[in-house]
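Presented below is the structure to which this report refers.
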Amino acid sequence: AIPEDGYHGYYIKDLACGLFKKHGEGLLNKELSFFSDYAKEILLKNIKDTLSQYQVEFDVWFSEKKLHETKAIEEAVMLLEKKGFIFTSEDGAIWFKATAFGDEKDRVLKKNNGDWTYTAADIAYFLDKINRGFTTIVMVLGQDHHSFKIRMEAIAQALSFNLQNLQIILYQLVTLRHEGELFRMSKRKGNSVELETVIDTVGSDVARFFYLQRKADAHLDFDIKEALEKNINNPVFYIQYAMVRIKSIFEKATPFVSEQDLLFQEDHSFVFSPIEKLILKQISQLDSVLDKIATHFAPHLITYFTLELTALFHAWYNAEQIITADDRKKMKKKLLLLQVTKDCLEICVSILGIDIPDKM
559 AIPEDGYHGY YIKDLACGLF KKHGEGLLNK ELSFFSDYAK EILLKNIKDT
609 LSQYQVEFDV WFSEKKLHET KAIEEAVMLL EKKGFIFTSE DGAIWFKATA
659 FGDEKDRVLK KNNGDWTYTA ADIAYFLDKI NRGFTTIVMV LGQDHHSFKI
709 RMEAIAQALS FNLQNLQIIL YQLVTLRHEG ELFRMSKRKG NSVELETVID
759 TVGSDVARFF YLQRKADAHL DFDIKEALEK NINNPVFYIQ YAMVRIKSIF
809 EKATPFVSEQ DLLFQEDHSF VFSPIEKLIL KQISQLDSVL DKIATHFAPH
859 LITYFTLELT ALFHAWYNAE QIITADDRKK MKKKLLLLQV TKDCLEICVS
909 ILGIDIPDKM
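Take the position in the sequence shown, starting the count at 1, then add 558; the result is the number in my numbering.
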């Protein structure tokens, strides 16, 4: 039985059952650390496997335990003490003067029983990043960690780190919607849904795209039904359909003009229709969009851009005939524009991690 104030996630019971199968009643003689080490090993492997499925790779995995084992916390606190940002209360607890940097209250670093707090480890980890040579630090947190953002900004200033180079991005939590019903999630109550389950249900590329459709500070209702649809209501299907259509057009155009032939235009006095001008204008903005994404940490902009270009292509396809065998010059112009559109979309789907099927 899980205690009332414990985590009620089913994975806790799965871990217990796995251990019992392996060790049986021999578990009764094990120390608490045995169970925590086992849980850490299994859960961390699951997290790494899921992120790999999701096409996210981390160069370094850092254990907080390392900070305690290497005396990094003591060294960080000593550094702040030299700067005058540490004081000791009457009961013997050690505090960080966080209010000096805009925090709502000072933060205890070492309790009067001798235990270090999470804030103490946060200071040591931040200092570790600085010592490893990072001049820009980006932290991605859930919206419910807003107070942590203020605390980290205080820590950064105390360590003389340029606050302008600390980017803390707060992401709104996600609500799943299925069959029109909202599914409210809580890890503590045991009714959370793992990312692995979402990936298994809708696919990695669809999951990535749906999560990227909103700004970090905008709440996301993830509609499972919409994500599973194989029509234009599903944005990933809509983009894939455009790419397959473009491929089909080039295949049909092969008897009339080769791809190499498009590189040599004998006449550059093209006259573009209004929809073609809109496509060219959209494509010309890709550089600035990618620059904004990199500068402002706004990956949602690539989904907006890709969907807008996709919509323009479909509108062009439906409004105008691209293969005009009776007018070779006109066809070459349209195919050249189609090639540029294809190149631009390929860059976008590559960044987004969207798989493009051969046929649909």
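Cβ coordinates follow ideal geometry from the N, Cα and C atoms, glycine included.
Under the rule that 16 or more other beta-carbon atoms within 10 Å means buried, what is residue i, buried or exposed?
i: TRP619; result: exposed
i: CYS575; result: exposed
i: ASP884; result: exposed
i: ARG886; result: exposed
i: VAL756; result: buried
i: ARG766; result: buried
i: GLN722; result: exposed
i: THR899; result: buried
i: ASN587; result: exposed
i: PHE863; result: buried
i: PRO813; result: exposed
i: ILE790; result: exposed
i: PHE768; result: buried
i: THR694; result: exposed
Under 8 Å, do residue i and residue j count as touching if we go by C-beta distance?
i: LEU699; j: LEU667; result: no
i: ILE905; j: LEU859; result: no
i: ASN709; j: ALA656; result: Contrary to the premise, residue 709 reads as Arg rather than Asn in this sequence. For ARG709 and ALA656, yes; Cβs fall inside 8 Å.
i: ALA634; j: ALA682; result: yes
i: LEU903; j: LEU867; result: yes
i: PHE780; j: LYS788; result: no
i: LEU870; j: GLN897; result: no
i: VAL760; j: ILE782; result: yes
i: ILE912; j: ILE797; result: yes
i: THR677; j: PHE654; result: yes
i: VAL829; j: LYS890; result: no
i: GLU622; j: ALA679; result: yes
i: LEU770; j: PRO857; result: yes
i: ALA630; j: PHE643; result: no
i: PHE684; j: LEU717; result: yes
i: GLU754; j: GLN611; result: yes
i: GLN725; j: VAL696; result: yes
i: LEU573; j: LEU585; result: no
Identify every residue that forms a DSSP beta bridge with residue i.
i: THR646; result: ILE652
i: ILE727; result: VAL698
i: ASP781; result: ARG735
Reducing DSSP to helix, strand and coil, say where residue i ends up.
i: THR733; result: strand
i: ARG803; result: helix
i: ARG665; result: strand
i: ILE770; result: A small correction: the amino acid at residue 770 is Leu; Ile does not occupy that position in the sequence shown. Coil, per DSSP.
i: TRP874; result: helix
i: PHE921; result: Since the first and last residues shown for the chain are 559 and 918, residue 921 lies out of range.
i: LEU601; result: helix
i: LEU740; result: strand
Checking contacts by CB at 8 Å: is residue i closer than that to chain B?
i: PHE692; result: As a matter of chain content, chain B is missing from the structure shown, which is built from one protein chain.
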